[in-house]
Amino acid sequence: MDINIITVFILAIFVGFEIITKVPPTLHTPLMSGSNAISGIAIVGAIISTKTGGDIGSYLGLVAVIFATINVVGGFMVTNRMLKMFKRK
Amino acid sequence: MNIPNISYVLASVLFILGIKKLSHPKSARNGNTLAAIGMLIAIIATLLSEGSLNFELIFIGMIIGTFIGAIFAIRVEMTQMPQMVAIFNGFGGGASALVAAAEFLKSGAITTFTLTTIIFSVFVGTLTFTGSFIAFGKLQGFVTGKPVIFPGQNIFNIFLAGFLVYVGFRIINNPFIVPGQQIDISFFYYLIAVSAVLGIALTIPIGGADMPVVISLLNSYSGIAAAATGFVLMNNGLIIAGSLVGASGIILTNIMCKGMNRSLANVIFGAVGLEQETTGSDGTKQMNVKSYSTEEAAMIFDAADKIIVVPGYGLAVAQAQHAVREVAEFLEAQQKQVLYAIHPVAGRMPGHMNVLLAEANIPYEQLKDLDEINPEFEDCDVALVLGANDVVNPAARHDTSSPIYGMPILDVDKSRTVMINKRTMNPGFAGIQNELFGYENSIMIFGDAKEMLQQLLKDLKDL
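Quick note, the sequences are listed as chains F and H, same order.
Taking the working numbering, the leading residue of the first sequence gets 3, the next gets one more, and so forth.
Taking the working numbering, the leading residue of the second sequence gets 4, the next gets one more, and so forth.
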């Protein structure tokens, strides 16, 4: 157990709460789809897991890459599509 | 210190800046682009720095994933955004669980700490995956949108949770673990199975207007799963990004619960819609409901100066957002003021109405939230309620016996005239009849929101 990684975790939660409470209700749906795309960071883990020993591990890695890529690509694209629509008078 | 770690720090900074820019619609799009660049950096750094990767598998996976993701993103209707977010939460959770599972199946020495994080990650990820698919099914309509209840449901869930703890304990204290050897994995399969069932069991009893809470919660879970996987892999990038998403989902969940004046436990275990259906129908008879035609409504609009539109889920179902804009533009051309009142839990996900109205080119400055708009009803001539019900029910203010008592509502009844468009007199999701419909200043216009608004526009032009 590494204290540095716990420190990072706790600070990240605080930063998260600070910045997200500032997002106005109007943008809550893009916030959800955008944060959804960010949770696609699991793609990093998915890439790493393709190298694990044994076929099963690698194939789990493949499915993980597919899922995470859907999340990343779809999430950022749809968020962009939505945000494009928010206009002033 | 090495290159991938520096890249993950950079990616994390870009994620944070990206979300920070979401604090205003003007900068939001740049923010999204920044976050996407952060993700690209993280991916490239991983591809370049990790040795012995299976590039063929990665390439195939990314092509398939990009194709599916892009199709979803391009094709989805704005009214279907809740489903889309629900299913994407599921993919995120699923990916995290799979990564943790792959790590587990790697034979070799695993410390108790890593094993614990793997179990947690697989549990949360799998639960998110199955729960999200049920939520998607409910919103898309191939699973019943109503709460599914059976006797002993909470006991069943507690039993599942208890079994889960036992399974986790057995995996950690597995006597067959020998460093360097394949470990006994039967309990690992139990872990996946029970987590999957629990995800379904916790989602099916929730329905209708409670969906915004579920989606926000699943959003949070998908982040927590990613953070847990970060602990498995000791990867800062996953931990930071996952924590941000986890925090975001929890904040939204909290806002949704406050919007309904209910605790999270009450939403998850309370199963509202069902118990109240039995008590709902008796209020109908005493009410004196006035049904108006669109022609009569047009005359009322003609005399009005200030109009507040209150959109609800019915507007989304009828795809009436463009029709609303057309009516509003016509009224504005006659020097009338048009505002929109957005209740936090209107629709099926946080901000659902805002996105719909934005799609119809309605400027976001005209959209007001609960605290901003409520004082405006005092001097409002017409409040036009489109497919919203429980969020405008005055019983929430005074009727202590009402299940929605204490819920913050839009004070539409303070307007001179409240015009309510509904398809039928059927009660809303909470199963309670809305006393507002019988008020002196209330008039009903029955029919599909889109058709009604188009007819109204015609009648306005004919005046």
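Even glycine gets a Cβ: it sits at the ideal position worked out from N, Cα and C.
It should be emphasised that the depicted structure is a prediction, and the values quoted were computed from it without experimental measurement.
Original post:
What's the call for F/M79, buried or exposed, on a 16-neighbour Cβ count within 10 Å?
Top reply: Flag for F/M79 reads buried.
Original post:
Is any beta-carbon of chain C found at less than 7 angstroms from that of H/V312?
Top reply: Absent here is chain C; the protein component of the structure consists of chains F and H.
Subject >> Residue environment, H/M302, which counts as buried when at least 16 other CB atoms sit within 10 Å >> reply: So H/M302 ends up on the exposed side.
Subject >> Chain-ordered neighbours of F/T9 on chain H, where CB pairs are closer than 7 angstroms >> reply: None at all; the shortest Cβ gap to chain H is about 10 angstroms.
Original post:
Would you report the Cα separation of F/I68 and H/I376, rounded to the nearest angstrom?
Top reply: Their backbone Cα atoms lie some 44 angstroms apart in a straight line.
**OP:** Would you list, in chain order, the members of the region 30-41 of chain H that have their beta-carbon closer than 7 angstroms to a beta-carbon of chain F?
**Re:** For the region 30-41 of chain H, which is checked against every Cβ of chain F, the residues closer than 7 angstroms are A31, R32, N35, A38, A39.
Subject >> Contact with chain H by F/I21, beta-carbon distance below 7 angstroms >> reply: The Cβ of F/I21 sits closer than 7 angstroms to at least one Cβ of chain H.
Original post:
How big is the Cα-Cα spacing for H/K464 and H/F18?
Top reply: Cα atoms of H/K464 and H/F18: separation of roughly 49 angstroms, rounded to the nearest angstrom.
Original post:
Quick one: does H/T287 have its CB under 7 angstroms from some CB of chain F?
Top reply: Bear in mind that a pLDDT of 46 at H/T287, under 50, signals an unreliable position, so the model cannot answer this.
Subject >> Rounded Cβ spacing between H/S361 and F/M34 (contact assumed at less than 8 angstroms) >> reply: For the record, residue 361 of chain H in the displayed sequence is Ala; it is not Ser. With 8 angstroms as the limit, H/A361 and F/M34 do not qualify as a contact, their Cβ atoms being about 15 angstroms apart.
Original post:
Hey, is F/I5's beta-carbon within less than 7 angstroms of any beta-carbon in chain H?
Top reply: No, because no Cβ of chain H sits closer than 7 angstroms to the Cβ of F/I5.
**OP:** Using a threshold of 7 angstroms, state whether the C-beta atoms of H/A31 and F/L85 are closer than that.
**Re:** Here H/A31 is near F/L85, since their CB atoms are less than 7 angstroms apart.
Original post:
Nearest to H/F333 by alpha carbon, out of H/V217, H/M356, H/D462?
Top reply: Comparing Cα positions, the closest option is H/D462.
Subject >> Within-7 angstroms CB hit, H/M214 to chain F >> reply: Proximity of H/M214 to chain F, defined by a Cβ-Cβ separation below 7 angstroms, is not satisfied.
**OP:** Go through the region 380-440 of chain H residue by residue and report every complete run of the beta strand (DSSP E) that reaches 3 residues or more, in order.
**Re:** For the region 380-440 of chain H, whole beta strand (DSSP E) runs of length 3 or above, ordered along the chain, are 385-389, 420-425.
Subject >> Buried or exposed by the 16-neighbour rule on C-beta atoms within 10 Å, applied to H/E381 >> reply: The residue in question, H/E381, is exposed, as its Cβ has fewer than 16 Cβ neighbours within 10 Å.
Original post:
Who are H/Y343's beta bridge partners in DSSP?
Top reply: Bridge pairing for H/Y343: H/V312, H/L370 [DSSP].
Original post:
Going along the chain, which residues of its own chain have a beta-carbon closer than 8 angstroms to the beta-carbon of H/M290, five neighbours each way excluded?
Top reply: Only Q436, E438, F440, G441 meet the Cβ criterion.
Original post:
In chain F, which residues lie less than 8 angstroms from H/G72 when you measure between Cβ atoms?
Top reply: Here the neighbours are T71, I72, N73, V74, V75, G76, G77, M79.
Subject >> Identity of the residues DSSP links to H/I448 by a beta bridge >> reply: Residue pairing by DSSP places H/I448 opposite H/N424 in a beta bridge.
**OP:** Please check the pair H/N470 and H/N92, which I expect to be a contact at CB under 8 angstroms, by giving their CB distance rounded to whole angstroms.
**Re:** Coverage of chain H is limited to positions 4 through 466, which leaves residue 470 of chain H absent and any answer about it impossible.
Original post:
Measuring CA to CA, which of H/I218, H/M237, H/F191, H/G211 is closest to F/D4?
Top reply: If we check each option's Cα against that of F/D4, H/M237 comes out closest.
Original post:
Checking contacts by CB at 7 angstroms: is H/T206 closer than that to chain F?
Top reply: Interface criterion not met: the Cβ of H/T206 is under 7 angstroms from no Cβ in chain F.
Original post:
By DSSP, does H/S266 sit in helix, in strand, or in coil?
Top reply: Here H/S266 sits in coil by DSSP.
Original post:
How big is the Cα-Cα spacing for H/A250 and H/T403?
Top reply: Distance from the CA atom of H/A250 to the CA atom of H/T403, rounded to whole angstroms, is 34 angstroms.
Subject >> Contact between the region 93-103 of chain H and the region 145-163 of chain H (3+ Cβ pairs under 8 angstroms) >> reply: Touching, no, given that fewer than three Cβ pairs across the two stretches are closer than 8 angstroms.
Original post:
DSSP beta-bridge partners for H/S294?
Top reply: Beta-bridge analysis with DSSP links H/S294 to H/M447.
Original post:
Can you list, in chain order, the residues of its chain whose CB lies under 8 angstroms from that of H/K261, leaving out five sequence neighbours each side?
Top reply: The beta carbon of H/K261 is closer than 8 angstroms to those of P347, P411 in its chain, skipping five residues each way along the sequence.
Original post:
H/S198 and H/V125 look like a contact to me (Cβ under 8 angstroms); what is the Cβ gap, rounded to whole Å?
Top reply: About 7 angstroms separates the two Cβ atoms, so the contact holds.
Original post:
For H/A363, which residues from the same chain have a beta carbon less than 6 angstroms from its beta carbon, with the 5 sequence-adjacent residues on both sides left out?
Top reply: In chain order, Q324, H325, R328 place their CB closer than 6 angstroms to the CB of H/A363, counting only its own chain and leaving out the 5 sequence neighbours on each side.
Subject >> CB contact flag (H/I121, H/E106, <7 angstroms) >> reply: By the CB criterion at 7 angstroms, H/I121 and H/E106 fall inside the cutoff.
Subject >> Enclosing alpha helix (DSSP H) for F/V65 [first to last residue] >> reply: Where F/V65 is concerned, the enclosing alpha helix (DSSP H) stretches over 57-71.
**OP:** Return the CA-CA distance between F/G77 and H/A244, expressed in angstroms with no decimal places.
**Re:** So the alpha carbons of these two residues sit roughly 14 angstroms apart.
Original post:
In chain order, what residues of the same chain lie with their CB nearer than 6 angstroms to the CB of H/E298, ignoring the 5 residues before and after it?
Top reply: Closer than 6 angstroms at the Cβ level, and outside the excluded window around H/E298, lie D462.
Subject >> Residue from H/A100, H/A73, H/L389 whose Cα sits closest to the Cα of H/V330 >> reply: Comparing Cα positions, the closest option is H/L389.
Subject >> chain F contact for H/D416 (CB, 7 angstroms cutoff) >> reply: It does not: the Cβ of H/D416 has no partner Cβ on chain F nearer than 7 angstroms.
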